[in-house]
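First to last, the protein sequences are chains A and B. So for the first sequence, our numbering puts the first residue at 1; every next one is plus one. So for the second sequence, our numbering puts the first residue at 527; every next one is plus one.
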Amino acid sequence: MKKITGKPPTDDQAWKEDKQKIPDTKLPAALTEKMQMLKPYLEKSHDIISRPFYLEGKPPLEAVSIYINKVIDDEDLNQHILRPLMLNCKRDSIKELGSKNLIDAIYQTSITLTKISKANTLPSLVQNIFDGMTVLMFDGLEEVLVIDMHGGEFRAIDTPPAEQTMRGSREGFIERLDINIALIRRRLRDPKLVVEKTMVGRRSRTQVAVLYIEDIADPQIVTEVKKRINEIDIDGISASGFIEQFIEDNPYSIFPQVYATERPDRMEPLLLEGRIGIIVDNTPLALAVPALFVQFIQASEDYYERTLFSSYIRLMRYAALIIAIFLPAMYIALLSYQPELLPYDLLINFSKSRMAVPFPVVIEAFVMEIIIQLVIEAGLRLPNQIAQTVGVVSGIILGQAAISAKIASPSVILVISLSIICTYALPSTSMVLAVRFLRLPMMFLAATFGVFGLSCGWIIIQAHLISLDSMGVPYFAPLAPIRFGDLKDAFYRTFFWKMNQRPMSIPMQDRKRQGNTGGGSNNSAG
Amino acid sequence: MLLEQGKISDFQLSVLIMGFVFGSSVIISPGQGAGHDAWIACALGLMEGLLIAWIFTALTKQFKDKTIIEINSLVYGKILGKFISVLFIWYLFHLGALVLTNYVRFFKLGVYPATPKTVGLLILMLVCASTVGRGIEVLARLSLILVALIILVAVADTLLLIPHMDFNNLLPILDVPIGKLLWASHGAASFPFAETVAFLMVLAFVDKSEKGPAAVSRGLLIAGFILIMVVTRNAAVLGPIVTITNYPTYLAAQVIDIGDILTRLEVLVAINLITMGFIKISVLLYGTVLGLAQVFNLHSYRPIILPVGILMVILALTNVGNTLEMLDFANKGFPIYAVPFQIGIPLITLVVAKLRKLPQTGGDKV
Numbered sequence: 001m002k003k004i005t006g007k008p009p010t011d012d013q014a015w016k017e018d019k020q021k022i023p024d025t026k027l028p029a030a031l032t033e034k035m036q037m038l039k040p041y042l043e044k045s046h047d048i049i050s051r052p053f054y055l056e057g058k059p060p061l062e063a064v065s066i067y068i069n070k071v072i073d074d075e076d077l078n079q080h081i082l083r084p085l086m087l088n089c090k091r092d093s094i095k096e097l098g099s100k101n102l103i104d105a106i107y108q109t110s111i112t113l114t115k116i117s118k119a120n121t122l123p124s125l126v127q128n129i130f131d132g133m134t135v136l137m138f139d140g141l142e143e144v145l146v147i148d149m150h151g152g153e154f155r156a157i158d159t160p161p162a163e164q165t166m167r168g169s170r171e172g173f174i175e176r177l178d179i180n181i182a183l184i185r186r187r188l189r190d191p192k193l194v195v196e197k198t199m200v201g202r203r204s205r206t207q208v209a210v211l212y213i214e215d216i217a218d219p220q221i222v223t224e225v226k227k228r229i230n231e232i233d234i235d236g237i238s239a240s241g242f243i244e245q246f247i248e249d250n251p252y253s254i255f256p257q258v259y260a261t262e263r264p265d266r267m268e269p270l271l272l273e274g275r276i277g278i279i280v281d282n283t284p285l286a287l288a289v290p291a292l293f294v295q296f297i298q299a300s301e302d303y304y305e306r307t308l309f310s311s312y313i314r315l316m317r318y319a320a321l322i323i324a325i326f327l328p329a330m331y332i333a334l335l336s337y338q339p340e341l342l343p344y345d346l347l348i349n350f351s352k353s354r355m356a357v358p359f360p361v362v363i364e365a366f367v368m369e370i371i372i373q374l375v376i377e378a379g380l381r382l383p384n385q386i387a388q389t390v391g392v393v394s395g396i397i398l399g400q401a402a403i404s405a406k407i408a409s410p411s412v413i414l415v416i417s418l419s420i421i422c423t424y425a426l427p428s429t430s431m432v433l434a435v436r437f438l439r440l441p442m443m444f445l446a447a448t449f450g451v452f453g454l455s456c457g458w459i460i461i462q463a464h465l466i467s468l469d470s471m472g473v474p475y476f477a478p479l480a481p482i483r484f485g486d487l488k489d490a491f492y493r494t495f496f497w498k499m500n501q502r503p504m505s506i507p508m509q510d511r512k513r514q515g516n517t518g519g520g521s522n523n524s525a526g
Numbered sequence: 527m528l529l530e531q532g533k534i535s536d537f538q539l540s541v542l543i544m545g546f547v548f549g550s551s552v553i554i555s556p557g558q559g560a561g562h563d564a565w566i567a568c569a570l571g572l573m574e575g576l577l578i579a580w581i582f583t584a585l586t587k588q589f590k591d592k593t594i595i596e597i598n599s600l601v602y603g604k605i606l607g608k609f610i611s612v613l614f615i616w617y618l619f620h621l622g623a624l625v626l627t628n629y630v631r632f633f634k635l636g637v638y639p640a641t642p643k644t645v646g647l648l649i650l651m652l653v654c655a656s657t658v659g660r661g662i663e664v665l666a667r668l669s670l671i672l673v674a675l676i677i678l679v680a681v682a683d684t685l686l687l688i689p690h691m692d693f694n695n696l697l698p699i700l701d702v703p704i705g706k707l708l709w710a711s712h713g714a715a716s717f718p719f720a721e722t723v724a725f726l727m728v729l730a731f732v733d734k735s736e737k738g739p740a741a742v743s744r745g746l747l748i749a750g751f752i753l754i755m756v757v758t759r760n761a762a763v764l765g766p767i768v769t770i771t772n773y774p775t776y777l778a779a780q781v782i783d784i785g786d787i788l789t790r791l792e793v794l795v796a797i798n799l800i801t802m803g804f805i806k807i808s809v810l811l812y813g814t815v816l817g818l819a820q821v822f823n824l825h826s827y828r829p830i831i832l833p834v835g836i837l838m839v840i841l842a843l844t845n846v847g848n849t850l851e852m853l854d855f856a857n858k859g860f861p862i863y864a865v866p867f868q869i870g871i872p873l874i875t876l877v878v879a880k881l882r883k884l885p886q887t888g889g890d891k892v
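Encoded structure:
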């Protein structure tokens with residue numbers, strides 16, 4: 001007996017050939033034969049509708065339209081296909097127009113829709129039907145018409161929930177690929193903006209679009225991205241995260257190496273700097289590669305507010321990053337190894353508050369950290385009303401109770417909650433996850449080796465960040481390898497009129513971003 | 527088959543040299559034998575160091591993009607070349623163990639009296655090994671961030687110590703007998719400046735090799751000036767104590783007291799020591815494993831990083847009996863012990879290469 005395993009029963013080659021399950025045959029001319037041929041593929045899918053009708057003439061031409069319910073736009077079907085074909089299409093008058101081919105004549109004169117193609121083999125026909133196309137088959141004609149009229153119900157364009165801004169656009173990406181591409185195209189009317197579509201997923205056949213500006217983006221990286229996307233061999237893609245995990249350079253790193261955003265106005269400057277956008281159908285998050293570490297600390301608001309304030313806030317965010325990762329660990333290291341570093345009065349306060357707690361600082365901090373992580377996890381998926389209650393219960397009652405029960409001291413709760421707040425000061429959700437993950441190992445290092453362990457941890461994190469690549473581009477640039485020219489948009493953001501060149505950290509063909517506007521004192525009147 | 531595909535820029539090389547020189551010299555103050563004239567010894571030592579650097583960079587100028595191991599087998603032939611290479615590798619390995627010893631002794635004495643030495647060493651070695659495994663590029667990039675940090679702390683320390691400085695402590699200048707001063711300055715040259723001879727393993731990977739020598743001297747100069755600043759500061763702050771203490775920088779940092787809030791900053795100094803020692807040990811470990819891989823024609827140096835690292839730890843644990851012995855060796859033995867490696871091998875190789883008119887300008891690239 002053969003054991004049943006998760007692996008495909010045959011080797012890779014056979015698995016690839018298996019794709020051609022549908023026999024590659026030409027379509028016959030007669031409509032009944034075509035229907036007979038299609039029957040095995042369609043009869044089990046009750047959402048597929050076939051609607052027979054006749055085109056006027058002598059004899060009338062029999063035709064069938066096949067489509068999936070609610071995937072196409074019903075109104076379009078009625079208005080632009082059925083009505084003109086059934087009422088206005090005179091077979092004889094078409095012939096008089098002198099078209100060589102009857103099928104060309106039909107769609108050239110009577111179908112008032114734009115996206116039409118033809119198919120003449122069984123596999124392409126079946127595939128087109130399941131891709132959501134409307135298929136028109138005529139009696140006596142071997143070719144069939146394939147009309148793209150995707151429609152149906154979709155979420156409207158909405159404000160992006162995870163990346164709100166005060167001054168930026170309120171539009172966020174939605175689940176429809178074409179709309180998302182249009183959102184970008186509306187902002188970037190450059191003829192050099194390239195949109196290339198491809199299909200990923202054997203069964204899901206998800207559309208994936210690759211966007212870049214032809215004369216800015218580095219052609220090598222473009223080829224590399226396209227190659228990595230095309231190499232993906234998976235049955236289904238349910239979100240852009242799948243693509244991200246297939247194309248990233250270092251899957252074992254906790255740091256995100258692909259930038260995800262739900263804002264078209266964030267995508268636009270990324271494309272302008274020579275990055276490559278990847279938009280996946282059915283996901284309101286677009287991806288951009290290559291990604292840099294500093295990018296995850298930048299928010300789109302930084303560019304919409306005035307320079308000085310944005311720079312101030314960005315510096316704050318870096319401070320938040322450090323605090324979020326190291327504060328609890330530092331607290332443990334100081335209290336258990338180097339209490340002399342703390343000012344005397346502060347140390348007394350800490351010790352007083354810890355007096356009744358029976359655990360060492362480490363246990364106390366570990367327990368609180370784990371509790372808070374769990375509270376976050378619990379609140380994440382709850383409906384809003386309950387999440388609020390959980391928040392109140394955990395935040396106020398749990399904290400108070402822990403202190404009164406002498407399980408935790410107020411100072412440790414202060415430290416842990418401060419680091420949690422700092423975690424969520426970071427604008428990118430994927431970086432938030434990385435930081436949440438890093439805190440515990442750092443606390444462990446601090447607990448075992450004090451400040452020495454912490455500095456080892458600091459070195460390891462940096463060495464790791466520096467060794468990362470995103471699409472072969474150093475991830476920790478412009479900090480290491482250092483690119484002084486790019487630092488103007490790393491820790492702070494300089495004035496727009498000073499950013500005359502594109503960042504070097506992203507390989508691109510055209511370094512010049514803008515002309516010399518002057519700005520600053522040049523603009524002062526008088 | 528290239529063992530190391532990475533390339534570093536000349537700027538990164540300078541920074542790496544700075545980190546390397548700061549290394550353990552922030553623990554054991556260079557030129558300490560000269561007492562409060564240590565800064566003079568340091569300055570003289572820096573000059574000697576620059577001279578030695580000139581010798582070994584001349585060697586890499588002669589042989590572009592080659593490490594000392596490859597140069598040796600070109601100059602001396604296969605057998606003798608490999609023998610000399612192994613001697614040089616021993617120097618790197620032993621130096622790495624010495625640096626580790628410095629650290630662990632300092633740790634035992636100053637920071638973690640209760641932690642077993644082996645644990646501290648192993649942790650440090652793991653961090654180094656994991657970085658070396660990522661190649662020279664990562665090490666060079668990392669050094670920039672760490673060196674920027676230590677220069678910041680060194681300058682901040684000095685500024686905070688200004689109220690405690692008494693420059694009368696530096697007088698009288700040239701107090702020590704000239705022989706003692708020269709010995710101390712030779713000590714300062716052999717440790718830390720001329721130790722950069724280890725970069726004979728790294729210089730081959732500078733992307734613009736003609737800029738390598740200048741980068742080495744630049745790094746040495748900047749690091750030298752900062753060390754002189756630190757040494758002068760220590761003497762000015764500590765006064766006569768500086769001659770009897772083992773760890774003057776650490777002691778000086780203990781003096782800092784700003785409004786009872788910023789006090790006892792010596793732990794920060796200790797952290798700096800770790801980060802700098804990390805760079806030095808990593809470079810030495812890198813040189814050792816890369817050298818071994820080249821001598822034995824291995825396909826990759828990565829598999830031997832950890833075993834060599836652990837051997838280094840063992841040597842560090844066993845090579846000296848106690849802290850005083852270590853300091854004694856550092857002050858008296860090392861300046862002589864290091865001469866054949868720091869000056870001998872590069873100088874003789876250079877002379878032999880010149881005599882044999884190597885590398886031949888003909889087509890054969892061995």
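C-beta: ideal position from N, C-alpha, C; glycine also.
CB-CB length for residue i against residue j, believed under 8 Å
| i | j | result |
| --- | --- | --- |
| residue 143 of chain A | residue 128 of chain A | Between residue 128 of chain A and residue 143 of chain A the Cβ distance is about 12 Å, and since that is not below 8 Å, they are no contact. |
| residue 300 of chain A | residue 275 of chain A | Between residue 275 of chain A and residue 300 of chain A the Cβ distance is about 14 Å, and since that is not below 8 Å, they are no contact. |
is_contact[residue i, chain A] using C-beta, thresh 8 Å
| i | result |
| --- | --- |
| residue 892 of chain B | In this prediction, residue 892 of chain B scores a pLDDT of 42, lower than 50, which makes its location untrustworthy; no coordinate-derived value is stated. |
| residue 888 of chain B | Because the pLDDT of residue 888 of chain B is 47, which lies under 50, any placement of that residue in the model is unreliable, and the number read from its coordinates should be weighed accordingly. Not an interface residue. |
| residue 683 of chain B | no |
| residue 532 of chain B | no |
| residue 527 of chain B | No answer about residue 527 of chain B holds up, because its pLDDT of 47 lies below 50 and its placement is not dependable. |
| residue 776 of chain B | no |
| residue 656 of chain B | yes |
Distance CB(residue i)-CB(residue j) smaller than 8 Å
| i | j | result |
| --- | --- | --- |
| residue 357 of chain A | residue 332 of chain A | no |
| residue 415 of chain A | residue 327 of chain A | yes |
| residue 756 of chain B | residue 691 of chain B | no |
| residue 565 of chain B | residue 761 of chain B | yes |
| residue 394 of chain A | residue 367 of chain A | no |
| residue 338 of chain A | residue 457 of chain A | no |
| residue 420 of chain A | residue 372 of chain A | yes |
Any chain B beta carbon closer than 8 Å to residue i
| i | result |
| --- | --- |
| residue 161 of chain A | no |
| residue 449 of chain A | yes |
| residue 507 of chain A | no |
| residue 396 of chain A | no |
| residue 315 of chain A | no |
| residue 344 of chain A | yes |
| residue 463 of chain A | yes |
| residue 332 of chain A | no |
Candidates the options: closest to residue i by CA position
| i | options | result |
| --- | --- | --- |
| residue 482 of chain A | B/794, B/668, B/708 and B/751 | B/668 |
| residue 533 of chain B | B/841, B/743 and B/665 | B/665 |
| residue 42 of chain A | A/249, A/60 and A/123 | A/123 |
| residue 141 of chain A | A/30, A/480 and A/504 | A/30 |
| residue 131 of chain A | A/263, A/172 and A/200 | A/200 |
| residue 488 of chain A | A/24, A/214, A/46 and A/308 | A/308 |
| residue 629 of chain B | B/579, B/884, B/648 and B/820 | B/648 |
| residue 477 of chain A | A/497, A/353, A/460 and A/503 | A/503 |
| residue 855 of chain B | B/591, B/643, B/713 and B/536 | B/713 |
Residue i Cβ short of 7 Å to the ligand ATP heavy atom set
| i | result |
| --- | --- |
| residue 179 of chain A | Although the ligand ATP was asked about, the structure shown includes no ligands whatsoever. |
Q. At what residue ranges does the region 128 to 206 of chain A contain a whole run of the beta strand (DSSP E), taking only runs of 3 or more?
A. 134 to 138, 144 to 147 and 193 to 200
Q | alpha helix (DSSP H) runs wholly inside the region 583 to 618 of chain B, at least 4 long, in chain order | A | 594 to 602
Q | Every unbroken alpha helix (DSSP H) inside the region 298 to 370 of chain A [4 residues or more] | A | 301 to 304, 307 to 336 and 344 to 354
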